[in-house]
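Those protein sequences? They're chains R and G, same order as listed. 190 is the number of the first residue of the first sequence in our numbering; add one for each residue after it. 610 is the number of the first residue of the second sequence in our numbering; add one for each residue after it.
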Amino acid sequence: MKDKLFRDILPRVAKPIRYVGGELNVIKKDWDQCQVKMALAFPDVYEIGMAHIGSKILYGLVNEESPHLLERAFAPWPDMEQIMREEGVELYSLESFTPLRRFDVIGFSLQYELSITNVLNMLDLAGIPLLASQRGEEHPLIIGGGPVAFNPEPFADFFDALLIGEGEELLLEFLSCLYNNRALARKDRLTRAAAIEGVYVPSGYQVEYKADGSLAGMTPVSSAYPARVRKRLVSDLDTAYYPDKPIVPYMEIVHDRAVLEVMRGCQRACRFCHAGTVYRPVRERSVAVLKRQADTQLKNTGYDEISLASLSTLDYSGVSDLVKHLVKIYGDRGIGVSLPSLRVDAFSIDLANEVQKVRKTTLTLAPEAGTQRLRDVINKNVTEEDLFQAAEAAFSSGWNSIKLYFMIGLPTETEADLDGVLDLLARVKAIGQRHSRRAIEVRASLACFVPKAHTPFQWRAQNSIAELEAKRRYLTSRKMKNVKLSFHDSRTSMLEGVIARGDRKLGEVILTAWQMGCRFDGWSEYFDFDKWMEAFRKCDIDPEFYVYRQRDYLELFPWDFIDTGVYKDYLVQEDQMADAAIPTADCRQAGCLDCGICIDFGVSLDVKEGKVDATAG
Amino acid sequence: MRLRAEYEVGPNHRFLANLEMMHVMERALRRAGIPYHLSEGFNPHIRISMGTVLPVGIWGKKEYFDLEMDPMDGAEFLRRMNQVLPPGIAITACRSLGMGARALMKSINAAEYAFQVNQRPAEVEAAVQEIISQEEILVPSRGKKKNVNKNLRPGLFALNVVPQGDIAVIKALVSVNEPLNIRFDELLDLLAKFGISRESIVEFWREGNYIKQGEQLLSPLVTP
Chain R
190 MKDKLFRDIL PRVAKPIRYV GGELNVIKKD WDQCQVKMAL AFPDVYEIGM AHIGSKILYG
250 LVNEESPHLL ERAFAPWPDM EQIMREEGVE LYSLESFTPL RRFDVIGFSL QYELSITNVL
310 NMLDLAGIPL LASQRGEEHP LIIGGGPVAF NPEPFADFFD ALLIGEGEEL LLEFLSCLYN
370 NRALARKDRL TRAAAIEGVY VPSGYQVEYK ADGSLAGMTP VSSAYPARVR KRLVSDLDTA
430 YYPDKPIVPY MEIVHDRAVL EVMRGCQRAC RFCHAGTVYR PVRERSVAVL KRQADTQLKN
490 TGYDEISLAS LSTLDYSGVS DLVKHLVKIY GDRGIGVSLP SLRVDAFSID LANEVQKVRK
550 TTLTLAPEAG TQRLRDVINK NVTEEDLFQA AEAAFSSGWN SIKLYFMIGL PTETEADLDG
610 VLDLLARVKA IGQRHSRRAI EVRASLACFV PKAHTPFQWR AQNSIAELEA KRRYLTSRKM
670 KNVKLSFHDS RTSMLEGVIA RGDRKLGEVI LTAWQMGCRF DGWSEYFDFD KWMEAFRKCD
730 IDPEFYVYRQ RDYLELFPWD FIDTGVYKDY LVQEDQMADA AIPTADCRQA GCLDCGICID
790 FGVSLDVKEG KVDATAG
Chain G
610 MRLRAEYEVG PNHRFLANLE MMHVMERALR RAGIPYHLSE GFNPHIRISM GTVLPVGIWG
670 KKEYFDLEMD PMDGAEFLRR MNQVLPPGIA ITACRSLGMG ARALMKSINA AEYAFQVNQR
730 PAEVEAAVQE IISQEEILVP SRGKKKNVNK NLRPGLFALN VVPQGDIAVI KALVSVNEPL
790 NIRFDELLDL LAKFGISRES IVEFWREGNY IKQGEQLLSP LVTP
């Protein structure tokens, strides 16, 4: 296999280095000595998949701390796919060039709704039937996990099992369960696995719909399957596994640097945010542990940059200490620190200043909405004053460009909110102009709001493509010099919305779309909206049913059986407060908001470095 | 000090592009704790400069880079780097240079490529003789100037056939950089033109890079 690839296949494709493996720190275990052989399949290209922290964790965890084996596979770019099909080359793992078909388990990382056609394409390239119902004893078990699996129903037809929540403990239990029951038939092994908390086996449930198309009920076919599937989580990040020797790719990947995960979860409770609900509660890692991890990571990788990752790194209680330490120890060797997302306030800029002593970074702030009213609706606790102070601090310390993130199509949005975005941009630019004689640049990225399952906005109607396009035209009609607006594609967002709140009926549409040639739907050069709409028509399913409808509080949702630990009552209350534009405080300062997670899961808010900065709000 | 290192890139790493190879070296320098020098400015980088580009798809036995660093024993540099480099990539030799020494890119002007050809040595020898007897060999340029024919003949310094049992290895010493840069893919085109098809070439690599002074061929490591 490898010889053929090196001689006949790879010289004909772009970026062959994507397909050869053999990187520094790769782990190649002895196939015959391992219990369960699993392939971790990332449904996107190598340079995207290799940046994913969760995959790095699972890769090290299974290979270093268990008797099982985990090898990697990525979606081949269309040029490679074509040659693989012409030459009859099956999808293989990068560690041992073993065809994926020979593994016991293939696990897909589901980070983005639209990567599902790549999942199907990878299965097809591996010679594995796409539908779980058509797979037999000779085929690997196909599993999935990741944030998108919190609404697993649109993918139910394709997966034998979905693992809900954080994988550190769950995946090892799942693999060991398969090994212990290896003498059993495929179906019985899955039934056994369904007893593990966090494992969802779609074939174990019967789904019925009402005449209006909404869900009537979801019933386990036997008592072996739980009525609700509870997410799994790690209670203490200090003792959780984190890789000391991550793989160092040869090719440049996105986020090409060492990564520390400083905390998991976010307590900001922004009402649009999916990750903010499903990854509750906040759990931090101690500065002492992070310092040690930084040291071993850098020693073992040789990276020139270390990134502090989390949903909201500036809220990490030890962020200041940690950044100062890293800059002091590694700065003079040319090793920089990067902060992925900044909080909108002056404190953040001070810290960003610390960071840019080593390397100049782009400054990115996310006010998300243009007016205070709308920011209160979405519970983005940022004031105009915060933003102007941040801009002031940034421009006065020498930055001459700034990037701002907004969303359009938010609930209750009016023309005044759109004007608000433009006004903010103009004022930020004016602040910059006061500090710099050179022209300063303000860039705004405007995403389309997509209501997500498990969030307070899960009942809301998504803006239609026409509405979003009208808003885009309105915003671009007022030209400002050196202010650049970029918009997310409204059609991509529409489809994302359909799948995000979709049900099992969508399986047929997804399969049809793939058969019609859809893949790499997250890439604008390959996304073909018309083909997708054609697939919906062929299946006689109305996509608008999933996105443009205001849902009733009493409606049963396809994802309600997934227990994220957050009460539905809490989500209702948050949604109602949004209508009244009443913000909700951060539970680290305001005290418990009774969302349910801590009591229900017997965990607690884990703030490692003492009291949180009270100015944070 | 300025250090010049010679390294080999094995067949498993043939798909690395030049920038990727530079990153491999930079990361190895950091892992090995080599006292490298950094550039000034907003984005400090290691003062390393790579020799002539090794094209994607081929591997090389004698490649070079220069590095500015604090004084360090050469044997120690070799030991520390080879401990941390991925298997298949290794530093084979190094020496210190005066700070004023000519840059690699400005001094390397010849490279030797090897082609293992799955044809009888006598056939290969005949094809090579045919090439040598030409006064002019025009091949479409693969470089930046497209649609131009390039005469490769003056840049073909030596072509030799080494029989290896039933097959043969062609060793081609050619001109690179200024004044005439013969690209690896142009060499493949040239061979094809004289009956040595791409399919019959089972393996190829770069034997080495040299500084050619008149008839003398010097290693970049031994030049003053």
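Glycine is no exception: its CB is placed at the ideal position from the N, C-alpha and C atoms.
Distance cut-off 6 Å: R419 of chain R Cβ against heavy atoms of the ligand FMN: This structure simply doesn't include the ligand FMN, nor any ligand for that matter.
Closest residue to E327 of chain R among R:F339, R:F297, R:R290, R:L259 (Cα-Cα distance): R:R290
Exposed unless 16 or more other CB atoms sit within 10 angstroms - verdict on P205 of chain R: buried
Partner residues on chain R for I776 of chain G, Cβ-Cβ distance less than 7 Å: Per Cβ cutoff of 7 Å: no residues; I776 of chain G is ~15 Å from chain R at best.
Residues from the stretch 480 to 504 of chain R in contact with chain G, defined by Cβ distance under 8 Å: Within the stretch 480 to 504 of chain R, the qualifying residues are L487, K488, N489, T490, G491, Y492, D493.
Selection from R:T701, R:D606, R:S285, R:V234 that minimises the alpha carbon distance to K720 of chain R: R:T701
Residues of the stretch 792 to 818 of chain G with Cβ closer than 9 Å to any Cβ of chain R, in chain order: V811, E812
Residue environment, T804 of chain R, which counts as buried when at least 16 other CB atoms sit within 10 Å: For T804 of chain R, the pLDDT reaches just 42, beneath the cut-off of 50, and the residue's location in the model is therefore unreliable, although a value from the coordinates is still provided. Exposed, since its Cβ has fewer than 16 Cβ neighbours within 10 Å.
Three-state secondary structure assigned by DSSP to V672 of chain R: strand
Three CB pairs or more closer than 8 Å across the stretch 694 to 711 of chain R and the stretch 339 to 354 of chain R: yes
Status (buried if at least 16 other CB within 10 Å, exposed otherwise) for Y389 of chain R: buried
Residues bridged to V418 of chain R (per DSSP): R:I751
Candidates R:Y742, R:D493, R:D192, R:G754: closest to N652 of chain G by CA position: R:D493
Span of the beta strand (DSSP E) around T306 of chain R: Taken as a continuous stretch (DSSP letters only), T306 of chain R belongs to no beta strand (DSSP E), being part of the alpha helix (DSSP H) at 305 to 314.
Partners in chain G for V831 of chain R, counting only beta-carbon separations shorter than 7 Å: The structure shown has nothing for residue 831 of chain R, since chain R only spans 190 to 806.
Residue of R:A405, R:M311, R:Y398, R:D349 minimising C-alpha distance to R378 of chain R: R:D349
C-beta atoms of V755 of chain R and C784 of chain R nearer than 7 Å: A Cβ-Cβ contact shorter than 7 Å links V755 of chain R with C784 of chain R.
Cβ-based neighbour list, M705 of chain R, same chain, cut-off 7 Å, excluding 5 preceding and 5 following: Here the set comprises K720, E723, A724.
Whole-angstrom C-beta distance between F724 of chain G and I810 of chain G, which should lie under 8 Å: 5 Å
Other residues of its chain near V639 of chain R: CB distance less than 7 Å, five sequence neighbours each side excluded: Q651, S682, E685, G686, A689
is_contact[P695 of chain G, chain R] using C-beta, thresh 7 Å: P695 of chain G belongs to the set of residues whose beta carbon lies under 7 Å from a beta carbon in chain R.
Closer than 7 Å to chain G by CB, K660 of chain R: no
Continuous alpha helix (DSSP H) stretch holding E276 of chain R: start and end: 267 to 276
Same chain, Cβ closer than 6 Å to I436 of chain R, five either side skipped, listed in chain order: E212, N214, V215
Residue of R:D795, R:K217, R:G335, R:A372 minimising C-alpha distance to T287 of chain R: R:K217
Delimiting residues of the alpha helix (DSSP H) encompassing P730 of chain G: 730 to 742
Uninterrupted alpha helix (DSSP H) stretches inside the stretch 600 to 674 of chain R (no shorter than 4 residues): 604 to 624, 654 to 666
Neighbouring residues, chain G, relative to G249 of chain R (Cβ below 7 Å): Near G249 of chain R there are no residues of chain G at all, since even the closest Cβ is about 18 Å away, more than 7 Å.
Under 8 Å from the C-beta of G609 of chain R: neighbouring residues of chain G: Near G609 of chain R there are no residues of chain G at all, since even the closest Cβ is about 34 Å away, more than 8 Å.
Beta-ladder partner(s) of R453 of chain R, from DSSP: Answer is R:R472, bridged to R453 of chain R.
Neighbourhood of N621 of chain G by C-beta distance below 7 Å, restricted to the same chain and skipping five residues each side: G697
Cβ neighbour criterion (16 or more within 10 Å) applied to D795 of chain R: Label assigned to D795 of chain R: buried.
Own chain, CB closer than 8 Å to L647 of chain G, minus 5 neighbours either side, in chain order: Same-chain partners within the cutoff: P653, H654, I655, R656.
DSSP beta-bridge partners of R611 of chain G: Partner(s): G:E677, G:L706.
For T804 of chain R, the three-state DSSP class (helix, strand or coil): Here T804 of chain R scores only 42 on pLDDT, less than 50, and its place in the model should not be relied on; the value that follows carries that caveat. Note: T804 of chain R maps to helix in three-state DSSP.
Residue-level contact to chain R via CB, G619 of chain G, 7 Å cutoff: No - not a single Cβ of chain R is within 7 Å of the one on G619 of chain G.
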